[in-house]
Amino acid sequence: LIFLGSPATAAHLAPETPIEEPQEQLDLPIETAAEAMAIASRGPRVAKRLGQEALYGVSLVGRGWAIVALDSIEGAEASSALDSVQRGADNELVRTWAAAARIRRAASPELLASISGDFNSLPALARPLEARWTQFLAQGVGDEVVPFILQACANNGQLQQSLLPELLKLGARPFVQTSLTSTDIQTRNLAAGCLATLASQGETEIAGAVLSALRFDPVAIRVPWNGGPLFIPSLQWASDDARELAGSLGAWHLWCKERGRVEEQRQIHNNLRSVGLARAAGYSNPTWNPEDTDAWLLNLGRAFGRSWLERVLQRQRLDRDSHYMALLAKLGR
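According to my numbering, the sequence shown is numbered sequentially starting from 1203.
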């Protein structure tokens, strides 16, 4: 931490409960970097006392140096003290210093993502967050770190502006997976938006990556987007790609019906009703009822041919089911 200008003081805020006696005496307040490092050299046993100084000290500069000392101490004790300061300090500048230390100390993308939500109320932390996320990207773990960075960006417009251009250089694959597997709805939506952006920039692999990820699998135990909504990126679909995508979605709709997956049926229905996809694939929207699988199968069968529906039923071992045999008969020969 760098302190600019003359030292300032803040009103002393006494804790509501008495501070426990420290195990050893510290020369407080801390006034120089050398003093901070000397105290930090004592290790975790002074972390709690430094945290109390950062929370309740009379000198604002001294509280800052206490945070510097804490940041120099490894281990859970110092991390816990910094967390308490960031959440409980009466002064926004002190909270910001403590939060910046927590960001710097985050040892993994998972940990940084888990604490990033604490910092949305402190705009000054966008730059430290950007720096730490950039460090993780530089370590060559792009695919693994993308979901966590997108989650942070989904809740912070400033981070979106600074980090998304770098993320887009990684190509389509990590965004496809994030759009289908993230547990955060906003993150899924942002990932799908990034795919649309890549396509508009001339990336040619988007459609193929989406088709591959959503291709119907008759032995699947869950839908590919299990655990959240289905966001398909808005692309200028080629006719063949659009037909393949709509065909897979139709097959998944039937699969979900047979297993009582109503929510997933609704998600598929909403995506099949995309005007752009329907126009490119050559089908119309047959129903407003998201659970009307028969209407979708008939409509797609008319657009793609009787053989399409025959294959869908065969792959799901429903080609001898009387209900679907009657449905197939409506398509003629």
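Built from N, CA and C at the ideal position, the CB exists for glycine as well.
Since the structure is predicted, the reported quantities are computational estimates derived from the model, not experimental observations.
Cβ neighbours of Leu-1284 in the same chain (closer than 6 Å, five flanking residues each side left out): Locating residue 1284 in the sequence shown gives position 82, where the first residue counts as 1. Correct list, in chain order: Leu-1272, Ala-1300, Ala-1303, Arg-1304.
Other residues of its chain near Gln-1518: CB distance less than 8 Å, five sequence neighbours each side excluded: The count along the sequence shown starts at 1 and reaches residue 1518 at position 316. Answer for Gln-1518: Pro-1420, Ala-1453, Leu-1456, Trp-1457, Glu-1460, listed in chain order.
Nearest-angstrom Cα separation, counted from Arg-1251 out to Glu-1233: Counting from one through the sequence shown, the residue named residue 1233 turns up at place 31. Counting from one through the sequence shown, the residue named residue 1251 turns up at place 49. Using only the alpha carbons, I get a separation of about 16 Å.
Arg-1504, enclosing alpha helix (DSSP H) - first and last residue: Position 302 of the sequence shown, counted from the first residue, corresponds to residue 1504. Note, Arg-1504: alpha helix (DSSP H), 1495 to 1506.
Nearest neighbour of Arg-1445, chosen from Gly-1462, Ala-1505, Leu-1392, Val-1425 [CA to CA]: Sequence index remark: in the sequence shown, residue 1445 carries index 243 (1-based). Among Gly-1462, Ala-1505, Leu-1392, Val-1425, the Cα nearest to that of Arg-1445 is on Ala-1505.
Ile-1275 versus Gly-1373 - alpha carbon distance: The sequence position of residue 1275 within the sequence shown is 73, counting from 1. The sequence position of residue 1373 within the sequence shown is 171, counting from 1. If I take the Cα positions, the gap works out to 39 Å.
Length at least 4, wholly inside the segment 1417 to 1497: the alpha helix (DSSP H) runs in chain order: 1441 to 1460, 1464 to 1474, 1477 to 1483
Burial state of Trp-1510 (16 or more Cβ within 10 Å): Numbered from its first residue, the sequence shown carries residue 1510 at position 308. With 16 or more Cβ atoms within 10 Å of its Cβ, Trp-1510 is classed as buried.
Ser-1364 (DSSP reduced to helix, strand or coil): Here residue 1364 refers to the residue found at position 162 when the sequence shown is read from its first residue. Helix at Ser-1364.
Residues sharing a beta bridge with Ser-1509, DSSP: Numbered from its first residue, the sequence shown carries residue 1509 at position 307. Beta-bridge pairing links Ser-1509 to no other residue.
Pro-1376 and Val-1348 closer than 8 Å at C-beta: Residue numbering aside, residue 1376 sits at position 174 when the sequence shown is read from its first letter. Residue numbering aside, residue 1348 sits at position 146 when the sequence shown is read from its first letter. Going by C-beta atoms, Pro-1376 is nearer than 8 Å to Val-1348.
Leu-1312, buried or exposed, once every other Cβ within 10 Å from all chains shown has been counted against 16: Locating residue 1312 in the sequence shown gives position 110, counting from the first residue. Per the sequence shown, the amino acid found at residue 1312 is Glu instead of Leu. Classification for Glu-1312: exposed.
Coarse secondary structure for Ser-1402, derived from DSSP in three states: Counting from one through the sequence shown, the residue named residue 1402 turns up at place 200. Residue state, collapsed to three classes: helix.
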